[in-house]
Every structure is written in C-alpha cells, then in structure tokens.
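Colleague: Below you will find the structure I want to go over with you.
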Amino acid sequence: MTNFSVLQGLKVAGKVIRSYMTNRPLVVSYEVTLSCNCNCRHCDLGGVIKDEKQLQPYEYGKLTRLLKPPVVQISGGEPFLRKDIIEVVKAIKQPDGLPYLIFVTNGVLLEEGNYLQLYEAGVNQFSVSLDFPNERHDHFRRHRGLYNRLERTIPRLAKFGFKNIILNTVITRDNLKEVLPIARKAEEWNVFISYSAYTARRTSDRSYCIDGEEERGILRQTIQQLVELQRRTNHIFNPEAELLDTLKFLEQGSIPNCKAGIRFFVVMPDGAFIPCSLWRNKYSSQKEMIEKFSRRNHCGDCYVSVRAYSERSLWSQAKAVPGYGKRLFT
Ligand code: SF4
Ligand code: SF4
C-alpha cells in the first residue's frame, strides 16, 4: 500500500489550486548537497564537495512551514550522500502528511533498507535516473556497474507494492533509439517512467542535442509511439500534452514563458534561493527572486520535469496528484 492516502491526495490537489491562484510555488526543490557519486555527461556536478555549508534538518522543517509548497523534491547532487537524510525527510514531512515528497536519486546507494526507511519517514515517490536499458547507462553516468545494480534492486523494491518508483529518462541524441526499450524495461520492472528533454544549458555540450532531419524524424516517430503507449498502458507518467511539448522543445531548442522562481524554485544546500538548477544566481527570499529574476526572465532553455509539471493546466495538476497521475482518480 502507498503511504499517501486519498484524503492527503485531495489536500495536495487543494493546495495546488490555491498555489496556482495565488502565484505561490507548486514545487520547491531542496538540493540538500551538491556532492555526487556520479559524474554524468549532461551535468556539471560530480565528486565530493568538502566543507559544504548545509542546512540542518530542523531548518528544512522551518522552511517548509514557511513556504507551504504542496510538493517538495529532495535532490542534489546525490541526497544519499547526506548521512542525516532520513532526519531531513522527517523534518520536511508535516503532521498532516504534506507536502507530497519526491526523492530524486541516481540509485547508486539505493537498497532495500534505506528505501523502507525513507518510505517510513514520509517519502511518497522515488525518482530514479535511467538513460539506457543496458550497461551504456554506466558510460553516460560515469559509474561502472550502476545499470546491473539497478536491474537487481529496482524490481525487488517494486515487489513491496508501494507503486512509488518512477524511472527518469533524459532524452538525448545518444539514447533516442532506446526510449521505447526503456519504457518496456519499466514495464518489466513493474515501475513507472517519466521522460524529459536534454538541455545543453548546463554543460554547453551540444553533441547530445538532436540534430538533422533524420534524427528529428526518429524523434517524432518515437514520441508518437510513446503517446500511443501512454494511452494504452498505465506506466508512462507524462501526460500526452507534456510528451508533445517535450518533442517541441527537442525540435526547437527552446520553450518560452518559464515560471522559474514563481511556480517552482530551488533551495541550495546553504539555504539560498535560486530560480532553477540551471540559473544559480542566489537570492535570500522568493520575493527578491521574483523581482530580480522571474519578472524579466526570457529563458526557455530547458523543459525539465519540474518545469513541465508546474506548467500543466490547473485541472491536469489538480487531477494528476504527482506520483499517482491518472491512477489516483480512475
Ligand atoms: S545528473 Fe544527478 S547523478 Fe548525475 S552528476 Fe548530476 S547530480 Fe549527480
Ligand atoms: S527555462 Fe526556466 S527552468 Fe529552464 S533553464 Fe531557463 S529559467 Fe531555468
């Protein structure tokens, strides 16, 4: 059974509507450390950051009560590199069971014990990166043995039946032909899958961007097949409109009207506010960030999951309480 009741789902939906109407954040990402045990090719992080200034668990609790986001994402870096991560989760989770808590991990350290501990502490959704349905994943993430580890671990965790694991796949030129096989892998492992689009904004590496008519043709066909799969099955997490916008982004390289800083933003390990993980100018409050960044933001350089989620229609957000998608209400 899931650790998130229908009543709590309805509370999140209500909070989403209120946040939507009042321009409060729908999702806040707590990047609890920038240290990471991978060194992925599409990311500027990797390695351990010594003497990193980090908020303490109780400070995350205070921040959550202040910001009142319906959804909190715990990410990094790799959150498992914090020894006090269970305490951080407990501090964020409030007595009413909110916010809906998403734990983003590369899966290197994920195992049965900490999965259950985090679940007990209040994590509602585990978001695990997977870019290839084979050992090419290790090459992309620069971590030998990672794919085999995930292949052993994820199906075992899925057997608990909590239905809270979502694989996260970033679509690049390199894995274009693996997009559908990864969906089959998710089905085989009995977990969900969510797709997002590669952006060169983080590393300036354009070699992973889809390029040329032939690749665009494969991309269009692939997304069309994903849409059909999404209609027929239950394990593709992105709504159809989001898949089509992902296609649009990958074809055009940009999507305007980003609400970074308003609908969603990131809290750095030291507590500073930044609009998104790709714009790291620091602010001391959301108000300051909106005035100095969001009001004049013309960036459309990514279509990452947190942005895609926060741009869903009000109805789609209220209905698709994250982690349950259409399943909660059908
Ligand atoms: S993408 Fe995630 S797992 Fe990979 S280096 Fe960056 S923070 Fe680490
Ligand atoms: S589109 Fe928005 S979320 Fe993406 S990099 Fe630009 S400001 Fe950040």
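The number in the numbering used here is simply the position in the sequence shown, starting from 1, with 46 added.
Note that beta-carbon positions come from the ideal geometry of N, C-alpha and C, so glycine has one too.
As the structure is a computational prediction, the values presented were derived from the model and not from experiment.
(1) Around ligand 3, what residues have a beta-carbon under 6 Å from a heavy atom of it, in chain order?
(2) Please report the Cβ distance between Phe186 and Cys86, rounded to the nearest whole angstrom; I am assuming they are in contact, meaning their Cβ atoms lie under 8 Å.
(3) May I ask whether a heavy atom of ligand 1 can be found less than 6 Å away from the beta carbon of Leu127?
(4) Would you report the Cα separation of Arg262 and Leu112, rounded to the nearest angstrom?
(5) Starting from the Cα of Ile95, find the closest Cα among Thr79, Asp251, Asn160, Asp177 and give me that residue.
(6) With a cut-off of 7 Å, give the chain-ordered residues whose Cβ is closer than this to any heavy atom of ligand 1.
(7) Does the beta-carbon of Gly371 have 16 or more other beta-carbons within 10 angstroms, so that it is buried, or is it exposed?
(8) With distances taken between CB atoms, is the gap from Arg247 to Cys348 smaller than 7 Å?
(9) Do three or more CB pairs link the region 328-341 to the region 204-223 at distances below 8 Å?
(10) Can you list, in chain order, the residues of its chain whose CB lies under 8 Å from that of Leu144, leaving out five sequence neighbours each side?
(11) Which residues in the same chain as Glu233 place their Cβ atom closer than 6 Å to its Cβ, once the five residues preceding and following it in sequence are excluded?
(12) Leu203 and Leu176: beta carbons closer than 7 Å?
(13) Taking all protein chains shown into account, do 16 or more other C-beta atoms lie within 10 angstroms of the C-beta of Lys139, making it buried, or fewer, making it exposed?
Modeller: So, from the data block:
(1) As far as ligands go, the structure on display features ligand 1 and ligand 2 and does not contain ligand 3.
(2) 6 Å
(3) no
(4) In this structure, the straight-line span from the alpha carbon of Arg262 to that of Leu112 is close to 45 Å.
(5) In this structure, Thr79 is the residue among Thr79, Asp251, Asn160, Asp177 with its C-alpha nearest to the C-alpha of Ile95.
(6) Cys82, Cys84, Asn85, Cys86, His88, Cys89, Leu91, Gly92, Gly122, Gly123, Glu124, Asn152, Ser175, Arg187
(7) Its pLDDT being 46, under 50, Gly371 is placed unreliably by the model, and nothing is read from it.
(8) yes
(9) no
(10) Gln54, Lys57, Val58, Lys61, Pro116
(11) Excluding the 5 residues flanking it on each side, Glu233 has same chain C-beta neighbours closer than 6 Å at His281, in chain order.
(12) no
(13) By the 16-neighbour rule on beta-carbons within 10 angstroms, Lys139 is buried.
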